[in-house]
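Take 62 as the starting number for the sequence shown in the numbering used here and just add one per residue.
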Amino acid sequence: MAYNIIHYDSSNLKILNNIETINGEFISNGQNVINNVSNYVLSTSNILFANIKNLDNKLFDTSNLIKIENLPISSYDANGSKLGIIKVDGITITVDESGIIRGNSNIDLSTYATKNELSSVASGLTVLESADLASTTNYTINQPITTTVDGVFPSTGSSILLKNQTNKYENGVYIFTSSSTLLTRRSDFNTVNNIKKGSYIFIKNGIDNKNSGFININNITTLNTDPIEFNLFTKTEITAGNGISLSGSSVSLKTVSEGGIVFNSGSAEINLSGTSIKGVLPIVRGGTGANNLDNLINLSTHTNGILPVVKGGTGASSFANLINLSTDTNDILPIAKGGSGASSFANLINLSTDTNGILSVTKGGTGLSTLVPNLLVVGNGTNSPLQTANLSWNNDTNTLSATNITGLVLILQV
Numbered sequence: 062m063a064y065n066i067i068h069y070d071s072s073n074l075k076i077l078n079n080i081e082t083i084n085g086e087f088i089s090n091g092q093n094v095i096n097n098v099s100n101y102v103l104s105t106s107n108i109l110f111a112n113i114k115n116l117d118n119k120l121f122d123t124s125n126l127i128k129i130e131n132l133p134i135s136s137y138d139a140n141g142s143k144l145g146i147i148k149v150d151g152i153t154i155t156v157d158e159s160g161i162i163r164g165n166s167n168i169d170l171s172t173y174a175t176k177n178e179l180s181s182v183a184s185g186l187t188v189l190e191s192a193d194l195a196s197t198t199n200y201t202i203n204q205p206i207t208t209t210v211d212g213v214f215p216s217t218g219s220s221i222l223l224k225n226q227t228n229k230y231e232n233g234v235y236i237f238t239s240s241s242t243l244l245t246r247r248s249d250f251n252t253v254n255n256i257k258k259g260s261y262i263f264i265k266n267g268i269d270n271k272n273s274g275f276i277n278i279n280n281i282t283t284l285n286t287d288p289i290e291f292n293l294f295t296k297t298e299i300t301a302g303n304g305i306s307l308s309g310s311s312v313s314l315k316t317v318s319e320g321g322i323v324f325n326s327g328s329a330e331i332n333l334s335g336t337s338i339k340g341v342l343p344i345v346r347g348g349t350g351a352n353n354l355d356n357l358i359n360l361s362t363h364t365n366g367i368l369p370v371v372k373g374g375t376g377a378s379s380f381a382n383l384i385n386l387s388t389d390t391n392d393i394l395p396i397a398k399g400g401s402g403a404s405s406f407a408n409l410i411n412l413s414t415d416t417n418g419i420l421s422v423t424k425g426g427t428g429l430s431t432l433v434p435n436l437l438v439v440g441n442g443t444n445s446p447l448q449t450a451n452l453s454w455n456n457d458t459n460t461l462s463a464t465n466i467t468g469l470v471l472i473l474q475v
């Protein structure tokens, strides 16, 4: 019986005619069609496997890590150095099959591209090392600089951006050595390879150019012939106001000694014991509103209620009968505190030493500073009493003597 069957070879698809079956096999032109197709599929599979294996060997090493020569290298920077090159030695730096770079603490990264370098390439800028000063006027390039640059005298080793030269090819970044030495171009901006359009430089000091950034707008092909021009790119204006101190990028407070502001572990605090604190804290802010406490509190107007004993008060609204000497006191009140310094009044007062002055009649005294011995005292209870020689008493004889007294009746009560 004859059949039609599809036949494949390496490049063609054919319809085979007049295929016969002999003993269960497909025969065409004396060939076993099924065996031929099977052999072709097997051969093709082996070739595909070999090609894949060959590709695998080209990409990966025996540890299934990406081979070093297959890692990409990006473009070059302004100095001609390769950016993004990876030094993989399989020991300090390795790259796994996912492209992850790993390394130990001894990796030498000196030739690796930094984030700033990559960012500058991406942004079209080449960021140069900052300069100390930048010019504001033209300088004679073949003579040493002996004056200030932007109001500041340059120091040895200072970097100076000249951007105002009459001959624009003289512009650039220079190193100042001394006031007797000519300026020299800085090594990172002194060839046609590193003087590039998009070179950015930041200025650290000066009166007008401090905290400013300038960018070169030209490429050059011939040094000292082609113009080099810098335009202002960024400028940060920071002015120290009253009470503020500015040093570079650091802003701090100008404080007065003992003025009440102190710093503790980087934090500002208020110290009310400062001797130079000015002004008076008003009552509405919790202060006294006064410079001192003298006569500050008027008890008749500034207080209300009764101060309890536990707070140092009397616990009473008046002093009437407030203190009971028999129960509310103990010990002896000393003389220095207005007391007697004694536990009783017995023999307490020595009239010869503990008194001075004259006790008046109204207080029970005589009103006299002295009394004559043996003369009787005559008084009316109001005025000072009298003593007269006409009336005397003799203690030895118990005799009362009266002389030159008329119209006097003495009544003696024995």
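Where a beta carbon is used, it is the ideal one built from N, C-alpha and C, also for glycine.
Which residues does DSSP list as the beta-bridge partners of S308?
S311
When you compare each of A329, N292, T227 to I262 by their alpha carbons, which one comes out closest?
N292
Are Y235 and L243 closer than 7 Å when you measure CB to CB?
no
Local conformation of K265 per DSSP, three classes
coil
Could you give the DSSP three-state label for R247: helix, strand or coil?
coil
Under 6 Å Cβ to Cβ from A514, same chain only, skipping five residues before and after it: list those, please.
There is no way to answer for residue 514, as the model of the chain reaches only from 62 to 475.
Taking Cβ positions, are S191 and K265 nearer each other than 7 Å?
yes
When the distance is taken between beta carbons, is G267 closer than 7 Å to D355?
no
Taking only the alpha-carbon atoms, compute the straight-line gap between N279 and T123 and give it to the nearest angstrom.
50 Å
Go ahead and label D415 buried or exposed: buried means 16 or more other beta carbons lie within 10 angstroms of its beta carbon, across all protein chains shown.
exposed
Below 6 Å CB to CB, which residues in the same chain sit around S260 once its five sequence neighbours on both sides are set aside?
T187, L189, N277
When burial is assigned at 16 or more other CB atoms within 10 Å of the CB, is I410 buried or exposed?
exposed
Give a yes or no on whether the C-beta atoms belonging to I393 and S404 are separated by under 7 Å.
yes
What's the call for A63, buried or exposed, on a 16-neighbour Cβ count within 10 Å?
Here A63 scores only 45 on pLDDT, less than 50, and its place in the model should not be relied on; the value that follows carries that caveat. Answer is exposed; the Cβ neighbour count stays below 16.
Going by beta-carbon coordinates alone, are L452 and A463 separated by less than 7 Å?
yes
Measuring CA to CA, which of G425, F110, T238 is closest to T207?
T238
Relative to the C-alpha of S240, which candidate in V371, D269, Q204 has its C-alpha closest?
Q204
In chain order, what residues of the same chain lie with their CB nearer than 6 Å to the CB of G376, ignoring the 5 residues before and after it?
P369, V370
Which two residues bound the contiguous beta strand (DSSP E) that contains L420?
Unbroken run through L420: none, as it is neither H nor E.
Given a cut-off of 7 Å on the beta-carbon distance, is the pair N495 and N199 in contact?
Residue numbering for the chain in the displayed model covers 62 to 475; residue 495 lies beyond these limits and cannot be assessed.
What are the residues that DSSP puts in a beta bridge with E330?
V323
In whole angstroms, give me the CA-to-CA distance for S273 and D117.
54 Å
Let me know if G347 comes out buried or exposed under the rule of 16 or more other beta-carbons within 10 Å of its beta-carbon.
exposed
To which residues of the same chain is L357 closer than 8 Å at the C-beta, ignoring the five residues directly before and after it?
T349, A351
For K315 and G221, the rounded distance between their alpha carbons:
The question names Gly, but residue 221 in the sequence shown is Ile. In a straight line, the C-alpha of I221 is about 32 Å away from that of K315.
Considering only their Cβ atoms, is the gap separating I281 from V253 smaller than 7 Å?
yes
Mind checking E319: buried by the 16 CB within 10 Å criterion, or exposed?
exposed
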